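**Q** Residue numbers (mature numbering (1 follows the signal peptide of the UniProt record, and there is no 0)): -27 to -1, 1 to 170.
For each residue, glycine too, the CB sits at the ideal point set by N, CA and C.
Since the model is a prediction, treat every value here as computed from it, not as a measurement.
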Ligand SMILES: [Ca+2]
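1) Look at residue 114 and residue 83 and say whether their C-beta atoms are less than 7 Å apart.
2) Can you determine whether any heavy atom of ligand 1 sits closer than 6 Å to the C-beta of residue 40, and answer yes or no?
3) Check whether the Cβ atoms of residue 80 and residue 97 lie closer than 7 Å to each other.
4) Could you pull out every residue in the same chain whose Cβ sits closer than 6 Å to the Cβ of residue 129, ignoring the five residues on either side in sequence?
5) What does the alpha-carbon distance come out to for the pair residue 65 and residue 103?
6) So what's residue 127 in DSSP terms, helix, strand or just coil?
7) Residue 40: buried (16+ other C-beta within 10 angstroms of its C-beta) or exposed?
8) Using the DSSP secondary-structure output, state which residues sit across from residue 21 in a beta bridge.
9) Give every residue of the same chain whose Cβ lies closer than 8 Å to the Cβ of residue 22, excluding the five residues on either side of it in the sequence, and list them in chain order.
10) Between residue 85 and residue 92, which are expected to be in contact by the criterion C-beta below 8 Å, what is the C-beta distance as a whole number of angstroms?
11) I need the DSSP call for residue 138, collapsed to helix, strand or coil.
12) I'd like to know whether the C-beta atoms of residue 72 and residue 120 end up nearer to each other than 7 Å.
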């Protein structure tokens, strides 16, 4: 009784589950907490391109520069501005948002670009000691973020989250495996004469 039911679920659900896994993007949350020592965010950190920016990540001294995860977060630095804020995506991605904290009276907004065109802008977030989430509000693909602030030196960012639109090779392989399993099941059904009937 148990076995045929399990087999049914395996046949019916496995290929479907694998196909869904392949169509989902991989999600990444950029915490900075895996970086060992203070310094400029490495140019290729977390699958992003930081090379044209002044983002500096550090631990230590907290409020109002309060991290949202661990004790590391990033700042544009005292000479930072929109011109030094661009973060590029190595592959087109959806951008969910990021957490920000900073001096009261400081605000931040993010412009989202794709293929050199401005495709969306976030709301403007007013900052304080407690990290607050600035959601992107945009579901389309982006390949570059540019940050705007009335005082770029006086806020920090943490836990930026995005999802690559390209399926990971692993889930692609899984999907191919699911297709192979489905093909085998179909072929076996066709080749076995209807002795059960
Ligand atoms: Ca963190």
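**A** Inspection of the coordinates gives the following:
1) no
2) yes
3) yes
4) Contacts found: 38, 46, 48, 74.
5) 31 Å
6) helix
7) buried
8) Answer is 62, bridged to residue 21.
9) Hits under 8 Å: 16, 60, 61, 62, 63.
10) 5 Å
11) coil
12) no
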